[in-house]
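Each step along the sequence shown adds one to the number in the working numbering, with nothing skipped, and position 51 is 122.
Even glycine gets a Cβ: it sits at the ideal position worked out from N, Cα and C.
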Amino acid sequence: MITLKPSKVGGSVWIPASKSQTIRALLIALAARGRSIVRNPLYSADTLSCIGALRSLGCSVVMCDDHLEVDSTSLACNGRDVRIDTGNSGTTTYLIYGLLGTLGCRSVTIAGDEQLNRRPIRPLVDAYRDLGLEGTCTGDCPPVVMQGRLDGGRTSIECRTSQYLSSLLLSLPLAAHDSEVDIPLLYEKPYVSMTLDWLDRQGIRYDMREDLQHLRMYGAQHYHPFDETIAGDFSSASFFLVAAAITGCTLTLKGLDMDDSQGDKGVIDILREMGCDVCSSDEGITISGRSGLRGGTFDLNAMPDALPVLSVLGAVTASPLTLTNVANARIKETDRIECMSANLRMLGLDVEEHEDGLTVHPGHVKGGITVPGYGDHRMIMAMAILSLIAQDGLTIDDEKAADVTFPTFFSLLDRVKGGSE
């Protein structure tokens with residue numbers, strides 16, 4: 072439990088590395104069968120779950136202060152039954168699935184914590200069955216027991232999470248034969264672009280239609296050991312961007328790369344449209360909020376993780392704020408649309424919940440009460456940002472889940488409350 076008081080913010084803050092990029096780097100290092108270096112990685116609960124999964128397969132992972140050394144030269148999983156615990160990391164669970172069918176394991180059981188084991192995986196299991204991997208799960212969620220070897224072939228999959236397609240993109244270059252994938256539905260497209268960036272750097276050959284609805288992947292390819300640096304995480308940055316916007320203050324965020332393909336970079340465009348001043352320089356990204364931010368309707372399909380923190384802005388906009396086309400927010404760690412609506416109502420705001428989003432009407436945020444975090448890191452951090460303008464602040468029932476992606480979040484928030492780096 073943590074109690075937070077209202078406050079202005081100021082100064083500058085270094086944003087930690089991207090979780091999504093760190094996990095992709097780790098998985099490609101696993102597949103590269105050599106020694107790779109991952110510089111400026113994120114050390115969080117999710118990335119530690121990924122590291123644990125690699126170690127379960129016999130991969131050596133040495134964690135240094137500013138880099139990871141990953142040696143996958145000699146794995147210890149060939150012909151074995153392997154069990155992998157992916158904790159709360161949906162990214163690891165989905166993205167590693169197909170790669171496991173290239174390592175020669177006799178069988179692999181994949182499971183996570185209680186929350187992860189409620190997240191749907193059957194569409195991915197079914198798609199991989201078409202490609203040579205036999206997977207079984209009870210219902211639609213993990214645990215999954217997988218056997219077989221990735222052969223390639225043809226399949227079709229609706230990707231209500233982009234992680235399904237990213238999984239196929241990472242694994243199919245290692246299949247014995249070429250593959251074709253039809254993708255009639257795809258959410259969160261920027262995360263697919265992130266995966267394609269990694270494939271391009273690795274020299275992987277593929278044909279992908281511009282609308283990302285059809286993939287041809289050439290089989291019998293190889294990954295190569297690498298030395299790469301991970302940029303700052305725009306998903307984590309969004310909380311501090313909104314902190315400046317909601318308080319009408321100025322913050323400088325350091326460590327971000329505006330050329331990175333991360334989808335949550337789009338939060339900056341939304342905040343500009345709402346009336347914030349945002350500029351990028353060698354020093355970092357500086358945002359200045361102001362009173363009377365504009366409301367409006369914003370499509371979050373490419374950045375569903377931003378829904379919790381952007382929704383708190385509805386309290387201070389001059390007109391209602393609608394976040395839409397983000398039905399996939401309901402299948403994250405929690406149903407974030409339902410849970411965010413409930414918390415905002417608890418704090419005195421008028422909220423309309425929609426099937427694919429919500430509308431927040433501006434109003435006074437009452438404080439001095441305890442709100443649930445639902446064990447969801449992004450819900451917890453969004454509530455912490457809203458505490459900056461809540462009368463008498465507010466208490467969050469359990470803040471520990473923030474460690475999943477941003478273990479330093481509360482210490483950095485305290486620092487910017489003091490107006491220093």
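>> Considering only DSSP beta bridges, list what VAL422 is partnered with.
In response: Looking at the DSSP assignment, VAL422 forms a beta bridge with VAL431.
> With a CB to CB cut of under 8 Å and the five nearest residues on each side skipped, what residues in its chain are close to ASN396?
Replying inline: ASP370, LEU371, ASN372, ASP427 and GLY428
>> Closer than 8 Å is the cut-off here; do at least three beta carbon pairs connect the stretch 200-219 with the stretch 326-335?
In response: no
> What's the C-alpha gap between LEU119 and ALA316?
Replying inline: 32 Å
>> Going by DSSP in three states, ILE254 sits in which element: helix, strand or coil?
In response: strand
> Going along the chain, which residues of its own chain have a beta-carbon closer than 7 Å to the beta-carbon of SER238, five neighbours each way excluded?
Replying inline: TYR165, LEU166, TYR168, GLY169 and LEU195
> Going along the chain, which residues of its own chain have a beta-carbon closer than 8 Å to the beta-carbon of GLY438, five neighbours each way excluded?
Replying inline: PRO77, LEU418, SER458, ALA461, GLN462, ASP463, GLY464 and LEU465
>> Using 8 Å for Cβ pairs, my map puts ALA124 next to THR163. What's the rounded Cβ distance?
In response: 6 Å
> Counting only runs that start and end within the stretch 236-292, where is the alpha helix (DSSP H) found for 4 or more residues in a row?
Replying inline: 260-272
> What is the rounded straight-line gap between the Cα of GLY363 and the Cα of ALA389?
Replying inline: Those two C-alpha atoms are separated by around 5 Å.
> Less than 8 Å separating the beta-carbons of TYR289 and ARG276?
Replying inline: yes
> Should HIS293 go down as buried or exposed, given a rule of 16 or more other Cβ atoms within 10 Å for buried?
Replying inline: exposed
> Considering only residues of the same chain and omitting the five flanking positions on each side of ALA100, which have a CB-CB separation below 7 Å?
Replying inline: SER107, VAL109, VAL141 and SER143
> Excluding five sequence neighbours on each side, which residues of the same chain lie with their C-beta closer than 8 Å to the C-beta of SER91?
Replying inline: THR162, TYR262, MET265, ASP304, SER306 and GLN333
> If we ignore side chains and look at the alpha-carbon of each, how far apart do GLU492 and TRP85 end up?
Replying inline: In this prediction, GLU492 scores a pLDDT of 49, lower than 50, which makes its location untrustworthy; the coordinate-derived value is nonetheless stated afterwards. Cα to Cα, the separation comes out at about 8 Å.
> Looking only at C-alpha atoms, which of VAL436, TYR445, HIS435 and ARG407 sits nearest to HIS425?
Replying inline: ARG407
> Between which two residues does the alpha helix (DSSP H) carrying LEU100 extend?
Replying inline: Correcting the residue identity first, residue 100 is Ala in this sequence and not Leu. Element bounds for ALA100: 90-102.
> Where does GLN218 fall in DSSP's three states?
Replying inline: strand
>> Residues in the same chain with beta-carbon distance under 8 Å from ILE402, minus the five sequence neighbours each way, listed in chain order, please.
In response: ARG190, PRO191, ARG231 and THR232
> What did DSSP end up calling SER178 once you bin it into helix, strand or coil?
Replying inline: strand
>> Looking at the strands, I want to know which residues DSSP matches up with CYS350.
In response: Note: CYS350 sits in a beta bridge opposite THR357.
>> Is the separation between the beta-carbon of LYS80 and that of VAL442 shorter than 8 Å?
In response: Here residue 80 is Val; the residue named in the question, Lys, does not match the sequence. No. Outside cutoff.
> Using DSSP with H/G/I as helix, E/B as strand and the rest coil, what is ARG200?
Replying inline: helix
> If we ignore side chains and look at the alpha-carbon of each, how far apart do LEU394 and ASP152 end up?
Replying inline: 45 Å
> Using the rule of at least 16 other Cβ atoms within 10 Å of the residue's Cβ for burial, across every protein chain shown, is THR74 buried or exposed?
Replying inline: The residue in question, THR74, is exposed, as its Cβ has fewer than 16 Cβ neighbours within 10 Å.
>> Check for me: the alpha helix (DSSP H) holding ILE493 runs from which residue to which?
In response: A query on residue 493 cannot be resolved here, the shown segment of the chain reaching from 72 to 492 and no further.
> Taking the continuous alpha helix (DSSP H) assigned at VAL380, which residues delimit it?
Replying inline: 378-382
>> Cutting at 8 Å between CB atoms, please list the residues of its own chain near TYR114, excluding the five before and the five after it.
In response: So the qualifying residues of the chain are MET134 and PRO478.
> Quick one: is LEU202 buried, meaning 16 or more other Cβ sit within 10 Å of its Cβ, or exposed?
Replying inline: buried
>> The beta strand (DSSP E) that contains SER499, what's its start and end?
In response: Because the chain is modelled from 72 through 492, residue 499 falls outside the range shown and cannot be assessed.
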